[in-house]
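Q:
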DNA sequence: TCGATCGGAGTGAATGTTCACTCCGTTTTT
DNA sequence: AAAAACGGAGTGAACATTCACTCCGATCGA
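Residue numbers (this note's numbering), protein chains in the order written: chain B, 1 to 189; chain R, 190 to 378.
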């Protein structure tokens, strides 16, 4: 069971699973190695240290997530449609990938993650940024600081998905649409 | 500096500060002891183990927080007024006590905290519970699962306060009122 | 009143455990 | 056969918890 170019992948997958399920501190390198069917030392052939492993994992998940969310996005459609499109895709992705959601949550709570989050939210590449800015200009969206609007959108999202994953509040398409609607009511002028 | 009955208090305060500032895993007992001006062993005179120390701290903070929030609450006033009152008080308290906010955040992310949170949210003692139920009956509040409404209320709250505490989005009374207003728009039918 | 004795709060060096990470012998690939 | 990849016992640092001891105010006997 040696000599696989995809040992790297196995390590990343094991890391995702362990961190998502048991938190950062329930994922010692020894356990990651075991789960990945790999020696401890092998981890260090592919990643300088545990920190780099985690960052790399984040970057790869982020890229996948982004690609999914942007599928079929109409850069120039009506504000409200674009808003629904983005929200729906994010909900869909995170609900379909609970491990990734748990991991991202942990990551953004950690010291590295906080910096990443800011950078991400403030980046012009973030489609929500343009969306909200435009919405404010057109008088469709409340004239509040963008960060505050982000809070109104992502706050409920995180909360509600957490409850879903823990089995407290099973979501379905109808319910998700209702949350998105409520979120829209919150930011709409 | 010996023989003080308030060593217990000093230990609790040090724990709050260290956990709030550096997280659960940045608060070793050795550091708590140092910060409290106390020997390491002394911690174990007052608390069976670190876990009990943390639980106790939570209970005391929770009690203070609750007392503050309920000040002047009109059990029978109009739904909307009660909603504003509770929200405003929670925001006020958490903004005035950033250390407690950070601690509670960490606590509710931990395995113990999750159980506590459910218990709390589902408890009939929770004033928001009665509020939302009544609101739904009167047709003022959207007919959505209570847990979902909680998400719409507390999600933005947590997000926005986090951003405030990290200096990204300085809040003031006006801004807080605007968030509460937006939150109301989200849950209002 | 005062010296002796006692109880228990307070202490921190020592202990056992858990980790991230290294090092080098082994296995696989070329 | 040489090089590259791999494995996992070993290492040292960090941690929670313990326990043999200190010290001081209180109590007691004279």
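Quick reminder that beta carbons are idealized off the backbone N, C-alpha and C, glycines included.
(1) Is the shortest distance between the beta-carbon of residue 29 of chain B and the beta-carbons of chain R less than 8 Å?
(2) Measure how close the beta-carbons of residue 345 of chain R and residue 372 of chain R come, nearest whole angstrom, since I'm counting them as under 8 Å.
(3) At a CB distance below 8 Å, what residues from the stretch 353-373 of chain R approach chain B? Give them in sequence order.
(4) For a contact meaning CB atoms closer than 8 Å, what does residue 318 of chain R contact in chain B?
(5) Specify, as a first and last residue, the run of the alpha helix (DSSP H) that residue 16 of chain B falls within.
(6) Any Cβ of chain R within less than 8 Å of the Cβ of residue 132 of chain B?
(7) Which residues, in chain order, does the stretch 150-162 of chain B contribute to contact with chain R at a C-beta distance below 8 Å?
(8) Count the other CB atoms within 10 Å of the CB of residue 324 of chain R; is the residue buried (16 or more) or exposed (fewer)?
(9) Helix, strand or coil for residue 1 of chain B? Go by DSSP, reduced to three states.
(10) Taking only beta-carbon atoms, is residue 238 of chain R less than 8 Å away from chain B?
(11) Less than 8 Å separating the beta-carbons of residue 349 of chain R and residue 360 of chain R?
(12) What are the boundary residues of the alpha helix (DSSP H) that residue 348 of chain R is part of?
(13) Reducing DSSP to helix, strand and coil, say where residue 141 of chain B ends up.
(14) For residue 429 of chain R and chain B, any beta-carbon pair shorter than 8 Å?
(15) Residues in its own chain within less than 8 Å of residue 219 of chain R by CB, not counting five upstream and five downstream?
(16) Rounded to a whole number of angstroms, what is the C-alpha to C-alpha distance between residue 352 of chain R and residue 370 of chain R?
(17) How long is the line joining the alpha carbons of residue 49 of chain B and residue 33 of chain B, rounded to whole angstroms?
(18) Taking residue 191 of chain B as part of the alpha helix (DSSP H), name the residues at either end of that continuous run.
A: The structure says:
(1) In the first chain, counting from the first residue as 1, residue 29 of chain B sits at position 29. Closer than 8 Å: no.
(2) To locate residue 345 of chain R, count along the second chain from 1; it is residue 156. To locate residue 372 of chain R, count along the second chain from 1; it is residue 183. Confirmed, about 6 Å.
(3) 355, 357, 358, 364, 367, 368, 371 and 372
(4) Counting from 1 along the second chain, the entry for residue 318 of chain R is found at position 129. For a Cβ distance threshold of 8 Å, nothing in chain B lies close to residue 318 of chain R: the least Cβ distance comes to about 14 Å.
(5) Here residue 16 of chain B refers to the residue found at position 16 of the first chain. Looking at the DSSP string, the run of the alpha helix (DSSP H) that includes residue 16 of chain B is 7-22.
(6) By one-based count along the first chain, residue 132 of chain B stands at place 132. Cβ-Cβ to chain R under 8 Å: no for residue 132 of chain B.
(7) 150, 151, 152, 154, 155, 156, 157, 158, 159 and 160
(8) On the second chain, residue 324 of chain R is found 135 positions in, with the first residue counted as 1. By the neighbour-count rule (16 or more Cβ atoms within 10 Å), residue 324 of chain R is buried.
(9) Translated into the one-based positions of the first chain, residue 1 of chain B becomes position 1. Because the pLDDT at residue 1 of chain B is just 44, under 50, the model does not fix this residue reliably, and the value given afterwards should be weighed accordingly. Reduced to three states, the DSSP call for residue 1 of chain B is coil.
(10) For the purposes of this step, residue 238 of chain R is identified with residue 49 of the second chain, where counting begins at 1. Not one chain B Cβ lies under 8 Å of residue 238 of chain R.
(11) For this step, residue 349 of chain R is matched to residue 160 along the second chain. For this step, residue 360 of chain R is matched to residue 171 along the second chain. Cβ atoms of residue 349 of chain R and residue 360 of chain R: closer than 8 Å.
(12) Your numbering for residue 348 of chain R matches position 159 in the second chain. From DSSP, the alpha helix (DSSP H) with residue 348 of chain R extends over 335-354.
(13) In the first chain, the residue the question calls residue 141 of chain B occupies position 141. Note: residue 141 of chain B maps to strand in three-state DSSP.
(14) Only positions 190 to 378 of chain R appear in this structure, which leaves residue 429 of chain R out of reach.
(15) Sequence index remark: in the second chain, residue 219 of chain R carries index 30 (1-based). Cβ within range, chain order: 229.
(16) Here residue 352 of chain R is taken as the residue at index 163 of the second chain, counted from 1. Here residue 370 of chain R is taken as the residue at index 181 of the second chain, counted from 1. For residue 352 of chain R and residue 370 of chain R, the distance between alpha carbons rounds to 18 Å.
(17) As a working note, residue 49 of chain B is residue 49 in the first chain. As a working note, residue 33 of chain B is residue 33 in the first chain. Using only the alpha carbons, I get a separation of about 13 Å.
(18) Lying outside 1 to 189, the shown extent of chain B, residue 191 of chain B is not represented and no answer is given.
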